[in-house]
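Written out below as structure tokens is the structure these notes cover.
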Amino acid sequence: MIPVLEVPPSAFTPPPKVDSAVVRLVPHSTMPYPVKEIRVLSRITTEAFNQRRKTIRNSLGNLFSVEVLTELGIDPAMRAENISVAQYCLMANWLSDNLPTKES
Numbered sequence: 001m002i003p004v005l006e007v008p009p010s011a012f013t014p015p016p017k018v019d020s021a022v023v024r025l026v027p028h029s030t031m032p033y034p035v036k037e038i039r040v041l042s043r044i045t046t047e048a049f050n051q052r053r054k055t056i057r058n059s060l061g062n063l064f065s066v067e068v069l070t071e072l073g074i075d076p077a078m079r080a081e082n083i084s085v086a087q088y089c090l091m092a093n094w095l096s097d098n099l100p101t102k103e104s
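UniProt numbering applies: residue 1 is where the sequence shown begins, and numbers increase by one.
Spelled out as structure tokens, the structure:
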């Protein structure tokens, strides 16, 4: 993220009580947290954030057992907003490796 310019409150109607800025988002050249299947990561984050006030144990209970979450070093009592990007990627990679195949 690169700051481009600051926008004063007077540029808005009504003027907000916060400062604003225009920023430029620059994508990483390599993924800082590689995932095996981006669709799996998308599914996990969608399910986790669909019910934000629920714990991960409840919102992702159909994907992960409490034992698996604990094994991955993730507290099942945490809420979606308290899980790091690295932890979501860890869950996605675990799920990618442990999804039942169509042949099963």
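For each residue, glycine too, the CB sits at the ideal point set by N, CA and C.
Q | Of the listed residues Glu37, Ile2, Asn62, nearest to leucine 90 (C-alpha basis) | A | Taking the first residue of the sequence shown as position 1, residue 90 is located at position 90. The shortest C-alpha separation from leucine 90 is found at Glu37.
Q: Find out if the Cβ-Cβ distance for the pair alanine 11, alanine 48 is shorter than 8 Å.
A: Counting from one through the sequence shown, the residue named residue 11 turns up at place 11. Counting from one through the sequence shown, the residue named residue 48 turns up at place 48. Not a contact, by the Cβ cut-off of 8 Å.
Q) In chain order, what residues of the same chain have a beta carbon less than 8 Å from the beta carbon of asparagine 50, not counting five sequence neighbours either side? A) Here residue 50 refers to the residue found at position 50 when the sequence shown is read from its first residue. Within the same chain, asparagine 50 has close Cβ partners Ser59.
(Q) As an exercise, report each continuous alpha helix (DSSP H) stretch of at least 4 residues that is fully enclosed by the region 5-91, in chain order. (A) 38-50, 56-59, 66-71
Q | Close-in-space but distant-in-sequence residues of the same chain around valine 23 (CB under 8 Å, 5 per side omitted) | A | As a first step, residue 23 is located in the sequence shown; it is residue number 23 there, counting from the start. Cβ within range, chain order: Met1, Ile2, Pro3, Val4.
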